[in-house]
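Following: one structure in structure tokens, then a few remarks.
Residue numbers (this note's numbering): 107 to 214.
Shown next as structure tokens:
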């Protein structure tokens, strides 16, 4: 949660839009602002506290009929774990090992 105290709400909103499932920039901005402000007032102690705040901001609804915090957690995890970079590095390594005419399959 230290990371949440260091990031700006604009950066977090971009992460939520880029790596999560929230296409609505206003929702992403509201969630990001709430998370950043709350983390600066009083650090989150549990993931449940984060999820509950996101649910409040989203009025307990999600555009894809899922738990409201799922896309935000997905976005943060993807960003912090550098998953797109790791996928690209893995693909490059796999292609280097392929023989001519070989196949590479990725299941995400």
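Even glycine gets a Cβ: it sits at the ideal position worked out from N, Cα and C.
A quick note: this is a predicted structure, and the numbers were derived from the prediction, not measured.
Residue interval of the alpha helix (DSSP H) (run including residue i)
i, result
"residue 124", "115-125"
"residue 178", "176-186"
"residue 128", "It is not in any alpha helix (DSSP H) - residue 128 carries neither H nor E in the DSSP assignment."
"residue 201", "189-203"
"residue 158", "153-163"
"residue 111", "108-112"
Residue i versus residue j - alpha carbon distance
i, j, result
"residue 187", "residue 172", "23 Å"
"residue 149", "residue 108", "8 Å"
"residue 177", "residue 144", "19 Å"
"residue 151", "residue 206", "52 Å"
"residue 174", "residue 197", "32 Å"
"residue 114", "residue 191", "22 Å"
"residue 168", "residue 142", "20 Å"
Cβ pair residue i, residue j closer than 8 Å
i, j, result
"residue 123", "residue 134", "yes"
"residue 183", "residue 146", "no"
"residue 127", "residue 180", "yes"
"residue 125", "residue 185", "yes"
Are the region 156-169 and the region 113-126 in contact at 8 Å, needing three or more beta carbon pairs?
Contact between the region 156-169 and the region 113-126 is absent: fewer than 3 CB-CB pairs across the two stretches fall below 8 Å.
Between the region 146-159 and the region 206-214, do at least 3 Cβ pairs fall closer than 8 Å?
Segment contact: the region 146-159 against the region 206-214, fewer than three CB-CB distances shorter than 8 Å; contact not assigned.
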